[in-house]
Structures are given as C-alpha cells and as structure tokens.
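Below is one structure; the comments refer to it alone.
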C-alpha cells in the first residue's frame, strides 16, 4: 500500500490541505484550521507540483492544472466530475446544464450530490456550479470562498483578454 502524504497551502482564502501518494493527488480541500507546521521532509514531487500550481492559480498565472490526480467514485460521479472539468475558466454552469450535458435531464439532484462529493477543489471546478436562477449554491468550502473564486477567475480573464 502506498504511503500517504499531506501538504498545506496557505491560500488567500484559507488553508488548503493537499493529500496524495508518490504518484498522484487524491484530495485538495479547504480546511478550517491554521497552517500545519509539521510537513514531512520527503514530500513527493507531485504534491510539490500541486502546491506550486495552486500558488500560480491564486497569483493569476495558471488556469489549467497538469499534475496527475485520481478521484474514486461511482461511474456516475466520475462522469459528473469529468463534465465539471469542461466548464471553461471564469464561466459557470448549473446542475441542470450538467445533467443535460449528460443527456439525463432528470439527474439534477444526482448531479448536485456528485458535485458535493468532489474532493479535488479548484482542480475539478465545482465552484463554477451555480443555481439555474444564477444564484450561488452550496459549496463545501463555504459560499464566501465560492464567490471569491468566481470573482478571482473573472478578474484574471479580464486581464488576459
């Protein structure tokens, strides 16, 4: 069994805990605690790459992530998470949009449930999901973080146009 590793990143909107193995990232989640000082000395390159790419994202220098990751879930959850990846940077979609893209318009609640189980915040951009009426909907990291991330991406997109 592969050894698990953790690395914290201090983002402008709180600590992000990165969890992974020597091969890939398995979780990127906001945590409500202070930055951990006890990092392992043998942090694998993939975690350092994730850390650096998150830093570039928050500095407005990155829109696409290239490190390897894995997320375990049902086939339906995997399909939803793959659809989330296709939401362009600084744009939004609704649960209904995702359900329709999967040719299953009745799966709106199931899409919302799968979205809520996403453990790769920012990378699989569940923060880009909004309500059909344009309102902000649930986000595991808190709605204030979701709003910040959407505004951040919109500001970066303005600069790069």
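Numbering (the numbering used here), first residue to last: 89 to 249. Using N, Cα and C, we set each Cβ at its ideal position, and we do this for glycine too.
By a C-beta neighbour count over all protein chains shown, 10 Å radius and 16 as the cutoff for buried, is residue 133 buried or exposed?
-> Taking the first residue of the chain shown as 1, we reach residue 133 at position 45. It counts as exposed.
Please name the residue or residues paired with residue 175 in a DSSP beta bridge.
-> Reading the chain shown from its first residue, position 87 is the one you call residue 175. None; residue 175 has no bridge partner.
Taking just the CA atoms, how far does residue 109 sit from residue 209?
-> The sequence position of residue 209 within the chain shown is 121, counting from 1. The sequence position of residue 109 within the chain shown is 21, counting from 1. If I take the Cα positions, the gap works out to 17 Å.
What number of angstroms, rounded off, separates the C-alpha of residue 192 from the C-alpha of residue 176?
-> In the chain shown, the residue the question calls residue 192 occupies position 104. In the chain shown, the residue the question calls residue 176 occupies position 88. Cα-Cα distance, rounded: 21 Å.
Just curious, the alpha helix (DSSP H) that residue 144 is in, first and last residue?
-> Along the chain shown, read from residue 1 onward, the residue named residue 144 stands at position 56. It spans 133-146 - the alpha helix (DSSP H) in which residue 144 sits, taken as one unbroken run.
Spatial distance of residue 240 from residue 150 (CA atoms) | Against the chain shown, residue 240 aligns to sequence position 152. Against the chain shown, residue 150 aligns to sequence position 62. Straight-line measurement puts the Cα of residue 150 at about 12 Å from the Cα of residue 240.
Is it true that the CB of residue 153 sits closer than 8 Å to the CB of residue 45?
-> No answer is possible for residue 45: the residues shown for the chain start at 89 and end at 249.
Output yes or no for whether 8 Å exceeds the beta carbon distance between residue 220 and residue 182.
-> Walking along the chain shown from the start, residue 220 turns up at place 132. Walking along the chain shown from the start, residue 182 turns up at place 94. Yes, the pair counts as a contact, with Cβ atoms nearer than the cut-off.
Below 8 Å between beta carbons: does that hold for residue 229 and residue 118?
-> By 1-based counting over the chain shown, the position of residue 229 is 141. By 1-based counting over the chain shown, the position of residue 118 is 30. Going by C-beta atoms, residue 229 is nearer than 8 Å to residue 118.
Counting along the chain, where does the alpha helix (DSSP H) carrying residue 189 start and finish?
-> Stepping through the chain shown from its first residue, residue 189 is reached at position 101. 183-189 is the span of the alpha helix (DSSP H), which, as asked, contains residue 189.
When the distance is taken between beta carbons, is residue 113 closer than 8 Å to residue 104?
-> Counting from 1 along the chain shown, the entry for residue 104 is found at position 16. Counting from 1 along the chain shown, the entry for residue 113 is found at position 25. No, the Cβ-Cβ distance between residue 104 and residue 113 is not below 8 Å.
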